[in-house]
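Student: Protein chains in written order, with full-length UniProt numbering: chain H, 1 to 788; chain W, 1 to 444.
Here a beta-carbon is modelled for each residue, glycine too, at the ideal position from N, C-alpha and C.
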């Protein structure tokens with residue numbers, strides 16, 4: 001009964017009463033269907049009633065309670081009603097469509113399908129039928145061929161005659177091309193038929209044209225060059241300035257087959273302001289996905305985004321611009337300029353979709369490796385975006401997740417380093433509104449190497465936020481961050497900071513659940529270690545006052561500093577220097593030197609494992625300070641990676657004394673002096689991102705007269721410096737390989753230094769520009785060191 | 001190519017106005033995707049929320065991984081919408097924006113393996129034919145979407161029945177004419193020369209700042225022929241742009257053959273496939289925008305802000321304007337508390353909870369009042385800010401206007417007397433017409 005109620009909902013308001021009565025009198029769908037078919041046979045001359053019945057039949061047939069045999073009977077009945085020839089032409093067309101709809105919406109047997117195909121072919125061949133029914137029968141046959149691929153293969157010749165029929169040509173071309181595409185083996189005379197279809201393409205209507213092209217172009221190989229060329233010429237002549245996308249798609253697809261897209265209306269179309277944006281985007285995609293974009297077909301400038309473009313159009317244009325510039329080996333400067341405009345646009349627009357376009361362009365740059373300094377641009381842009389607009393941190397997290405695997409070497413690490421560094425420098429009030437996004441970002445950062453992710457810095461920022469905003473409801477998120485840090489990093493190293501943050505969460509939150517979790521987590525990290533470990537972790541422990549420590553002259557561990565951090569195994573990866581700009585806040589940067597720590601195996605050292613290892617670095621306080629390192633466990637044959645973090649207050653070479661205190665499993669504690677670490681002057685100069693041009697920087701600095709100090713240094717033994725340049729000793733300061741004698745660097749306190757080595761009147765000089773006069777002697781020493 | 005489903009969404013009501021599945025196509029899709037056979041295209045709220053979210057209409061400023069991830073390639077106007085129950089599986093939809101905040105959407109038959117997490121490279125090549133076909137198909141139906149919901153549903157059902165019973169063009173292109181909204185019931189005694197209506201619709205856009213003024217205009221000429229008239233011959237027209245120094249960048253309907261002789265374009269419509277269609281789209285750059293605006297904002301003491309706006313009207317524009325207003329949206333975080341003083345023609349008011357200042361010159365920009373308009377219209381207004389969180393340096397004003405005269409001077413004529421009567425109308429409206437604060441100096 002429920003089915004009948006459904007049928008009633010499909011009845012139009014002007015439904016004749018007798019039809020309503022038939023439906024209400026029927027007890028099941030089968031009976032309704034039978035009665036409707038009877039009524040249809042009896043009322044063939046009542047168009048309105050026929051129309052309603054034909055609307056209802058497919059609905060009733062879709063009822064799963066109706067048996068297949070009933071449906072087959074219904075199909076047969078409908079064919080008989082058609083053959084009675086009492087219906088008007090439009091109802092005949094509708095009846096044919098109903099037959100095919102009923103046939104294809106259940107699982108028909110092959111025999112029934114073949115019967116219906118033969119019935120439709122008979123309709124098609126009947127010369128007394130109006131054109132509309134012939135068209136409909138062909139359309140029905142197409143639908144059957146699409147659902148039951150290959151069923152019309154043996155019938156293909158039936159359609160050839162219609163290829164010359166004025167009104168049936170389009171459908172005949174469509175069905176012929178479809179049969180050829182679906183055929184498992186080539187049909188008889190396939191080449192000739194394909195040639196005929198290719199010749200017909202320009203005269204077909206746009207919808208058919210593109211459908212036929214889709215069906216056959218894949219089969220038209222080298223031997224069809226002439227026919228393809230002829231069709232293309234006719235299409236270009238007829239549709240020189242069309243805006244129909246079906247025609248344009250056909251033209252560009254044929255051009256692809258012939259070796260490349262060249263001059264067509266699609267180039268005008270893809271940026272035409274009068275077209276809806278969606279259509280611009282499709283045509284930009286059409287060109288962007290083309291494997292062959294001929295140079296002479298278009299002007300690069302055409303694809304440059306303009307001020308009126310939205311985020312989507314800018315994105316598509318930049319992708320195309322990137323591809324076009326790369327293919328034509330052109331300078332990437334225009335691309336970079338428009339990419340910067342896109343960032344400015346996205347920030348101003350503020351929508352997530354606009355920001356997404358920035359990250360999609362960056363993804364494309366990294367994948368296409370164009371511009372050549374793509375990684376540097378990405379680093380620079382991501383750090384700047386994240387630091388200035390923390391609202392886009394979710395995009396950065398997503399970006400890091402995508403590129404976080406090893407595909408892009410140092411890039412994800414460098415992005416995290418740059419951002420953590422930047423957040424550390426930001427004022428609390430700037431960071432506060434975005435603390436939730438910040439926590440999410442730090443969670444992602446915990447998955448990276450800790451020398452980059454800087455857990456202590458992260459915890460310091462979180463602590464500041466918690467102290468500032470005591471009633472924030474981010475307690476659970478902070479707890480999850482702490483858990484992530486414990487899970488993914490050597491948490492003993494930052495245990496004090498971790499405890500402080502957990503205490504803050506515990507005291508500042510009113511929810512007992514959060515309080516309890518914070519307390520449990522804090523207890524866990526406090527009690528998980530042995531007593532000796534706890535002692536070794538005490539940062540305030542005064543080593544000299546305890547008699548229990550055994551001093552040894554033998555360095556029990558070996559600390560190796562990795563100064564060649566710019567060189568990696570992957571020749572494609574680039575060094576990733578710091579982000580710097582004239583506007584950057586003046587502050588001292590920290591420096592990080594990767595370390596490898598291993599246990600020394602020799603006669604004096606028979607220990608196979610140390611626990612609670614703490615390395616202290618002793619430097620002259622006037623020079624700066626260095627952070628101690630904690631290693632929870634160090635086993636024989638194990639190399640632990642850590643990072644020496646120094647905070648220089650002056651820019652000069654330094655020797656750093658090191659000593660380690662460590663415990664053995666049997667409770668003995670050793671204090672051992674390690675080999676001193678020598679850091680050169682150039683280690684405290686940061687290389688500069690080559691995303692900027694040296695000349696641009698030079699001119700910009702010169703123009704800021706209040707911030708620019710210059711000097712010229714005569715180089716008496718210039719050959720030594722030139723050799724050092726040649727041998728790559730100053731490579732990290734070279735902005736481009738083309739001009740190796742132009743050097744750029746940034747001091748720890750973020751002052752820019754530019755140096756160019758020139759031959760002036762037979763004498764080699766170094767021209768130096770600095771932002772602060774105190775830097776000049778440092779650079780003099782550096783250059784002197786290399787030239788003597 | 002086939003459509004699996006067609007539906008219409010009202011954005012303002014967040015409601016489905018029409019929904020139609022093509023049963024044979026849907027059955028075929030399920031047969032060919034046995035692993036996804038139980039995935040039905042959603043309906044009602046299950047369809048609306050994820051769709052509007054994907055389009056950025058819902059949650060525009062919140063990062064949504066299925067929408068904004070860098071891993072997802074933008075394929076607009078094709079969008080892949082996540083199923084509510086599993087955000088890893090998507091259904092495709094092609095969206096056409098229509099008047100009255102409505103969306104005409106079609107779900108194309110696409111291989112499910114082409115969803116965003118699938119093979120991106122193969123997708124570009126394989127899908128472009130289908131996307132193009134569906135987009136063109138939807139465009140042919142777009143004119144029906146502005147009708148009232150019941151009329152629209154009725155017309156769409158009729159059109160689908162006649163023109164795309166299996167979710168693709170049936171070949172009965174001529175029959176689509178029957179799906180046009182019923183025009184006047186013409187009786188025999190009214191029969192006169194058949195009419196060809198031409199609507200010239202132009203839009204002008206401009207961005208002005210201290211550094212530059214960029215302006216261009218574009219237009220479309222829509223051609224409508226009498227639905228009950230017979231057109232046995234070609235239609236020949238001549239098109240010219242008498243206010244332009246050269247020929248604009250122009251694209252034509254595929255049934256129109258065009259060739260230029262000096263500044264006149266001879267158009268021959270050989271095979272009339274539709275009785276209402278865009279004859280051509282054109283665009284051109286403007287050296288001098290029709291309204292030249294100036295905006296200066298200065299921040300004074302105690303939250304007082306002085307705003308100066310000047311509009312310089314071109315002569316033609318002055319005489320043909322029929323709507324003119326200026327809107328000044330405050331940057332996010334800023335709100336105007338009240339207007340202290342205003343000196344100008346027209347009405348100055350605060351709208352949208354003080355986040356926008358509106359200067360309405362509608363009463364002065366009607367045809368009867370145009371002669372009273374001066375060449376330069378100025379507004380001096382002092383306001384007090386309730387919230388001043390962001391700098392006003394990056395503030396802009398939007399100028400909205402309509403006019404009865406085109407900027408291009410586009411005109412069409414019949415080359416020789418024929419059985420047709422030509423009726424032509426023109427309208428111009430502003431698109432993105434924006435002026436940035438040209439007084440970056442801030443007095444604090």
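Any Cβ of chain C within less than 8 Å of the Cβ of residue 132/W?
Tutor: This model lacks chain C altogether; the protein chains it does include are H and W.
Student: From residue 132/W to residue 249/H, what does the alpha carbon distance come to, in whole angstroms?
Tutor: In the second chain, counting from the first residue as 1, residue 132/W sits at position 132. In the first chain, counting from the first residue as 1, residue 249/H sits at position 249. Going from the Cα of residue 132/W to the Cα of residue 249/H covers about 8 Å.
Student: Answer yes or no: does any C-beta atom of chain W fall closer than 8 Å to that of residue 203/H?
Tutor: Here residue 203/H corresponds to residue number 203 of the first chain, with the count starting at 1. Not an interface residue.
Student: Which same chain residues end up closer than 6 Å to residue 574/H when comparing Cβ atoms and leaving out the 5 residues on each side of it in sequence?
Tutor: If you number the first chain from 1, residue 574/H lands on position 574. Summary for residue 574/H: the model assigns pLDDT 36, below 50, so the residue's position carries little reliability, and this model does not support an answer.
Student: In terms of residue numbering, what span does the beta strand (DSSP E) encompassing residue 79/W cover?
Tutor: On the second chain, position 79 is the one that residue 79/W refers to. First-last of the beta strand (DSSP E) with residue 79/W: 78-83.
Student: Could you pull out every residue in the same chain whose Cβ sits closer than 6 Å to the Cβ of residue 358/W, ignoring the five residues on either side in sequence?
Tutor: For the purposes of this step, residue 358/W is taken as the residue at position 358 of the second chain. Contacts found: 327, 349, 351.
Student: For residue 236/W, list the residues DSSP reports as bridge partners.
Tutor: Here residue 236/W corresponds to residue number 236 of the second chain, with the count starting at 1. Per DSSP, 268/W.
Student: Taking a Cβ distance cut-off of 7 Å, strictly less, list which residues of the stretch 308-327 of chain W are near chain H, in chain order.
Tutor: Taking 7 Å as the Cβ-Cβ cut-off against chain H, none of the residues of the stretch 308-327 of chain W qualify.
Student: Suppose you measure from the CA of residue 658/H to the CA of residue 740/H; what does that come to, to the nearest Å?
Tutor: Here residue 658/H refers to the residue found at position 658 when the first chain is read from its first residue. Here residue 740/H refers to the residue found at position 740 when the first chain is read from its first residue. When rounded, the distance between both Cα atoms is 37 Å.
Student: Can you grab the Cα-Cα spacing for the pair residue 500/H / residue 518/H, in whole Å?
Tutor: By 1-based counting over the first chain, the position of residue 500/H is 500. By 1-based counting over the first chain, the position of residue 518/H is 518. The alpha-carbon atoms of residue 500/H and residue 518/H are separated by roughly 11 Å.
Student: What residues in the stretch 298-324 of chain H bring their beta carbon closer than 8 Å to a beta carbon of chain W?
Tutor: Cβ contacts with chain W: 306, 307, 308, 312, 315, 316.
Student: Which class does residue 206/W belong to by DSSP, given the choice of helix, strand or coil?
Tutor: As a first step, residue 206/W is located in the second chain; it is residue number 206 there, counting from the start. Residue 206/W falls in the strand class under three-state DSSP.
Student: Please report the straight-line C-alpha distance between residue 613/H and residue 397/H, rounded to a whole angstrom.
Tutor: Position 613 of the first chain, counted from the start, is the residue given in the question as residue 613/H. Position 397 of the first chain, counted from the start, is the residue given in the question as residue 397/H. Their backbone Cα atoms lie some 33 Å apart in a straight line.
Student: To the nearest angstrom, how far is it from the Cα of residue 449/W to the Cα of residue 236/W?
Tutor: The structure shown does not extend to residue 449/W, since chain W spans only 1 to 444, so no value can be given for it.
Student: Let me make sure I understand the geometry here. Which of 387/H, 607/H, 680/H has the alpha-carbon closest to that of residue 666/H?
Tutor: Taking the first chain and counting its residues from 1, one reaches residue 666/H at position 666. Per the Cα distances, 607/H.
Student: Which residue's Cα is closest to the Cα of residue 353/W: 47/W, 337/W, 147/W, 78/W?
Tutor: Looking up residue 353/W in the second chain gives position 353. Closest by alpha carbon: 337/W.
Student: Using only CA atoms, which one of 95/H, 757/H, 778/H lies nearest to residue 749/H?
Tutor: Taking the first chain and counting its residues from 1, the one referred to as residue 749/H is at position 749. The shortest C-alpha separation from residue 749/H is found at 778/H.
Student: Taking only beta-carbon atoms, is residue 61/W less than 8 Å away from chain H?
Tutor: Taking the first residue of the second chain as 1, we reach residue 61/W at position 61. Cβ-Cβ to chain H under 8 Å: yes for residue 61/W.
Student: Only counting runs of 3 or more residues, tell me where the beta strand (DSSP E) segments fall wholly within the stretch 129-193 of chain H, in order along the chain.
Tutor: Fully enclosed beta strand (DSSP E) runs of 3 or longer: not present.
Student: Taking the beta carbon of residue 506/H as the centre, do at least 16 other beta carbons fall within 10 Å, making it buried, or is it exposed?
Tutor: Against the first chain, residue 506/H aligns to sequence position 506. Residue 506/H comes out buried.
Student: Taking Cβ-Cβ distances shorter than 7 Å, what residues in chain H pair up with residue 216/W?
Tutor: Taking the first residue of the second chain as position 1, residue 216/W is located at position 216. Those are 273, listed as they occur along chain H.
Student: If contact is defined by three or more beta carbon pairs under 8 Å, each pair taking one atom from either stretch, is the stretch 198-215 of chain H in contact with the stretch 223-235 of chain H?
Tutor: Result yes; three or more Cβ-Cβ pairs closer than 8 Å.
Student: Within a Cβ cutoff of 7 Å, which residues of the same chain sit near residue 515/H, ignoring the five residues on either side of it in sequence?
Tutor: Locating residue 515/H in the first chain gives position 515, where the first residue counts as 1. Correct list, in chain order: 506, 509.
Student: Measure how close the beta-carbons of residue 281/H and residue 324/H come, nearest whole angstrom, since I'm counting them as under 8 Å.
Tutor: Position 281 of the first chain, counted from the start, is the residue given in the question as residue 281/H. Position 324 of the first chain, counted from the start, is the residue given in the question as residue 324/H. The Cβ separation is near 17 Å, so there is no contact.
Student: Return helix, strand or coil for residue 41/H, following the three-state DSSP convention.
Tutor: Locating residue 41/H in the first chain gives position 41, where the first residue counts as 1. Correct three-state label for residue 41/H: helix.
Student: With distances taken from CA atoms, which of 213/W, 437/W, 69/W, 289/W is nearest residue 393/W?
Tutor: Counting from 1 along the second chain, the entry for residue 393/W is found at position 393. Checked all of 213/W, 437/W, 69/W, 289/W; the closest Cα to residue 393/W is 437/W.
Student: May I ask which residues mark the beginning and end of the alpha helix (DSSP H) holding residue 60/W?
Tutor: Here residue 60/W corresponds to residue number 60 of the second chain, with the count starting at 1. Segment: none, residue 60/W is in no alpha helix (DSSP H) and carries neither H nor E.
Student: Helix, strand or coil, according to DSSP, for residue 20/W in the structure here?
Tutor: The residue you call residue 20/W lines up with position 20 of the second chain. DSSP places residue 20/W in strand when its eight states are reduced to three.
Student: Which chain W residues are close to residue 101/H, counting only those with a beta carbon under 7 Å from its beta carbon?
Tutor: Position 101 of the first chain, counted from the start, is the residue given in the question as residue 101/H. Within 7 Å Cβ-Cβ: 23, 24.
Student: Please name the residue or residues paired with residue 359/W in a DSSP beta bridge.
Tutor: For the purposes of this step, residue 359/W is taken as residue 359 along the second chain, with counting starting at 1. Answer is 326/W, 348/W.
Student: For residue 395/H, would you say it is in contact with chain W, using Cβ-to-Cβ distances shorter than 8 Å as the test?
Tutor: Against the first chain, residue 395/H aligns to sequence position 395. For residue 395/H, the answer is yes, since a Cβ of chain W falls inside 8 Å of its Cβ.
Student: Can you list, in chain order, the residues of its chain whose CB lies under 8 Å from that of residue 212/W, leaving out five sequence neighbours each side?
Tutor: As a working note, residue 212/W is residue 212 in the second chain. Nothing listed; no residue qualifies.
Student: How many Å lie between residue 668/H and residue 552/H at the Cα?
Tutor: Counting from one through the first chain, the residue named residue 668/H turns up at place 668. Counting from one through the first chain, the residue named residue 552/H turns up at place 552. Taking the straight line from one Cα to the other gives about 12 Å.
Student: Given this structure, state the Cα-to-Cα distance separating residue 402/H from residue 434/W, to the nearest angstrom.
Tutor: Counting from 1 along the first chain, the entry for residue 402/H is found at position 402. Counting from 1 along the second chain, the entry for residue 434/W is found at position 434. Residue 402/H and residue 434/W: Cα-Cα distance of roughly 38 Å.
Student: Distance cutoff 8 Å, beta carbons only. Does residue 208/W sit that close to anything in chain H?
Tutor: One-based indexing of the second chain puts residue 208/W at position 208. It does not: the Cβ of residue 208/W has no partner Cβ on chain H nearer than 8 Å.
Student: Here's a check: name, in chain order, each residue in its chain whose Cβ is nearer than 6 Å to the Cβ of residue 213/H, leaving out the five neighbours to either side.
Tutor: The count along the first chain starts at 1 and reaches residue 213/H at position 213. 250, 253, listed in sequence order.
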